[in-house]
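*Asks:* Have a look at the structure that comes next, please.
2 protein chains.
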Amino acid sequence: MAGRQARKSIPQRASGPALWASVGARVRDRERKRDAVIMTAARAFRERGYHNTSLDDIASELNVTKPTVYHYVENKEQLLFECFRAGLALIMNGIEAQQESTATGRERLAAVIARYAEAITSDFGWCMVQAENQDLSPTMSRKVKALKSEIDQGLRSLIRAGVADGSIRPCDEKMTAFALAGALNWIAHWYRSDDQLAASEIAQRFIELFELGLQPR
Amino acid sequence: MAGRQARKSIPQRASGPALWASVGARVRDRERKRDAVIMTAARAFRERGYHNTSLDDIASELNVTKPTVYHYVENKEQLLFECFRAGLALIMNGIEAQQESTATGRERLAAVIARYAEAITSDFGWCMVQAENQDLSPTMSRKVKALKSEIDQGLRSLIRAGVADGSIRPCDEKMTAFALAGALNWIAHWYRSDDQLAASEIAQRFIELFELGLQPR
DNA sequence: CTCTAAATATACTCGTCGGTAAATTAGGAT
DNA sequence: ATCCTAATTTACCGACGAGTATATTTAGAG
Numbered sequence: 001m002a003g004r005q006a007r008k009s010i011p012q013r014a015s016g017p018a019l020w021a022s023v024g025a026r027v028r029d030r031e032r033k034r035d036a037v038i039m040t041a042a043r044a045f046r047e048r049g050y051h052n053t054s055l056d057d058i059a060s061e062l063n064v065t066k067p068t069v070y071h072y073v074e075n076k077e078q079l080l081f082e083c084f085r086a087g088l089a090l091i092m093n094g095i096e097a098q099q100e101s102t103a104t105g106r107e108r109l110a111a112v113i114a115r116y117a118e119a120i121t122s123d124f125g126w127c128m129v130q131a132e133n134q135d136l137s138p139t140m141s142r143k144v145k146a147l148k149s150e151i152d153q154g155l156r157s158l159i160r161a162g163v164a165d166g167s168i169r170p171c172d173e174k175m176t177a178f179a180l181a182g183a184l185n186w187i188a189h190w191y192r193s194d195d196q197l198a199a200s201e202i203a204q205r206f207i208e209l210f211e212l213g214l215q216p217r
Numbered sequence: 001m002a003g004r005q006a007r008k009s010i011p012q013r014a015s016g017p018a019l020w021a022s023v024g025a026r027v028r029d030r031e032r033k034r035d036a037v038i039m040t041a042a043r044a045f046r047e048r049g050y051h052n053t054s055l056d057d058i059a060s061e062l063n064v065t066k067p068t069v070y071h072y073v074e075n076k077e078q079l080l081f082e083c084f085r086a087g088l089a090l091i092m093n094g095i096e097a098q099q100e101s102t103a104t105g106r107e108r109l110a111a112v113i114a115r116y117a118e119a120i121t122s123d124f125g126w127c128m129v130q131a132e133n134q135d136l137s138p139t140m141s142r143k144v145k146a147l148k149s150e151i152d153q154g155l156r157s158l159i160r161a162g163v164a165d166g167s168i169r170p171c172d173e174k175m176t177a178f179a180l181a182g183a184l185n186w187i188a189h190w191y192r193s194d195d196q197l198a199a200s201e202i203a204q205r206f207i208e209l210f211e212l213g214l215q216p217r
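Protein sequence lines, in the order shown, are assigned to chains A and B.
Mapping of the first sequence onto full-length UniProt numbering: position 9 corresponds to residue 9, and the numbering continues sequentially without gaps.
Mapping of the second sequence onto full-length UniProt numbering: position 61 corresponds to residue 61, and the numbering continues sequentially without gaps.
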């Protein structure tokens, strides 16, 4: 009894870390599972589309039942949102990675395009491209718009930088960013993971096209 | 009996034209209404998305009930397909219009881009871009694929022609067509009909970008 | 004036699916 | 051993929406 008591009060210090370690493990576990749910959803959405995928489908692909899915995620909408966010994060990383580069604007833009293509061919790519405001509540829709806008602004500022340092011909930065993003986003519509063409090759061709243009030099 | 028989056989000549005129009128009427159904559907799909639009919605926008809609169209899927086809037809027209032109490949391509942008900003544009195989039966999906492929081939052959006549720098025609179509299709995602920018202006900027490229000359 | 066929409406079926309430199990802490 | 909490399941609800069976109206044909 006394021994137990002692173990109970003193150990608070000693077992504190152990406790936290184990709680931490549990949290990590939960996060890993949550990620699995999101990734499975992304894959399913990409294969069959958002509306043609039921939560029962996703659950059964995880060998689990629907309420389990709800244990990790608020609702279907949030699932889509998370997929979306994951996709956008990949692209944002690509843009941020070029933030402190000393290369010319055009070179940095090319690097961003390569990462963009990589991201768009992932399972999250489809979600990112297809996540339409129409399927999201006003709140989520606003968040999505904000994230998309960040990407857009990132592209535009790279273009501006390129124009400023002379590596890019003066142009309408807005339309240029739209055309670029459009060509890249559209990859999600035609790309199949078993495609012969790797994302990096696609990116290379796109960079060449956008840099040199169609007209012979 | 005999009289009726006679009236039935002889009048075929006299009332034939009248009959056909009126039947013709009825057919035209039916077609006009059917078109109205399809256009209303296209607008609704564009505004709220395919899955978020019920046939009751479409019917009530036409001040009519659901079975009436079914009187003009097989089912929801076909409605989407018709919208899709209407959109693609606009683009195909643009391509065919350049078939017999004597201009250079690059000039003809530019003309096609302009028409393409026009089409994509229409109500049918959205449907064309969003009509995913996922929402269509295998049969319809095949048809859609075939139509899309026609557009793709049209673009590619224009590019080839341009390369052949020296107006376009030798390039990967497949990737170039994909990039072009992507940039154009993506317009449907961001364009709002109340946009300041007219389709023709967008097209102009795109043409300039794709022709000259980003790199200064 | 009647007959017929097309056009439209009423009122329903039925499956699907998002979401949940209430039990049950597992595993770690004491 | 016991207790507590997180994880998971079973069994359900309610809504929505595609599609239809069946009347009813309308209008042209004879």
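Idealized CB from N, CA, C, for every residue including glycine.
Just so it is clear, the structure is predicted and the values come from calculations on it, not from any experiment.
On the CB-based measure, 16 or more other CB atoms within 10 Å of its CB, does residue 7 (chain B) come out buried or exposed?
*Replies:* With a pLDDT of 37 at residue 7 (chain B), under the threshold of 50, the modelled position of that residue is not reliable, and no figure is offered here.
*Asks:* Mark residue 93 (chain B) as exposed unless 16 or more other C-beta atoms lie within 10 angstroms of its C-beta, in which case mark it buried.
*Replies:* exposed
*Asks:* Nearest chain A C-beta to residue 51 (chain B) closer than 8 angstroms, yes or no?
*Replies:* With 8 angstroms as the cut-off, residue 51 (chain B) counts as an interface residue toward chain A.
*Asks:* Are the beta-carbon atoms belonging to residue 104 (chain A) and residue 49 (chain A) less than 8 angstroms from one another?
*Replies:* no
*Asks:* Which residue wins for smallest C-alpha separation from residue 112 (chain B), given the options B:99, B:33, B:196?
*Replies:* B:99
*Asks:* Return the CA-CA distance between residue 116 (chain B) and residue 198 (chain A), expressed in angstroms with no decimal places.
*Replies:* Looking at the two C-alpha atoms, the distance is approximately 28 angstroms.
*Asks:* Between which two residues does the alpha helix (DSSP H) containing residue 83 (chain A) stretch?
*Replies:* 76 to 97
*Asks:* Do three or more CB pairs link the segment 126 to 134 of chain B to the segment 74 to 87 of chain B at distances below 8 angstroms?
*Replies:* yes
*Asks:* Quick one: which chain B residues come within Cβ less than 8 angstroms of residue 213 (chain A)?
*Replies:* 169, 209, 210, 211, 212, 213, 214, 215
*Asks:* Going by the beta-carbon positions, is the gap between residue 126 (chain A) and residue 178 (chain B) smaller than 8 angstroms?
*Replies:* Not in contact: residue 126 (chain A) and residue 178 (chain B) (Cβ atoms no closer than 8 angstroms).
*Asks:* For the UniProt domain "HTH tetR-type" (31 to 91) of chain A, enumerate the residues whose C-beta is nearer than 7 angstroms to any C-beta of chain B, in chain order.
*Replies:* 48, 49, 51, 52
*Asks:* Quick check on residue 182 (chain A): does DSSP put it in helix, strand or coil?
*Replies:* helix
*Asks:* Kindly list the residues whose CB is nearer than 7 angstroms to the CB of residue 41 (chain B), restricted to its own chain and excluding five residues on each side of it in sequence; keep chain order.
*Replies:* 58, 79, 83
*Asks:* For the segment 197 to 217 of chain B against the segment 139 to 159 of chain B, do three or more pairs of beta-carbon atoms, one drawn from each stretch, fall closer than 8 angstroms, so that the two count as touching?
*Replies:* With the cut-off at 8 angstroms, the segment 197 to 217 of chain B and the segment 139 to 159 of chain B do not touch.
*Asks:* Using a Cβ-Cβ cut-off of 8 angstroms, state whether residue 154 (chain A) counts as contacting chain B.
*Replies:* no
*Asks:* Taking the beta carbon of residue 122 (chain B) as the centre, do at least 16 other beta carbons fall within 10 Å, making it buried, or is it exposed?
*Replies:* buried
*Asks:* Is the Cβ-Cβ distance between residue 95 (chain B) and residue 151 (chain B) less than 8 angstroms?
*Replies:* Yes.
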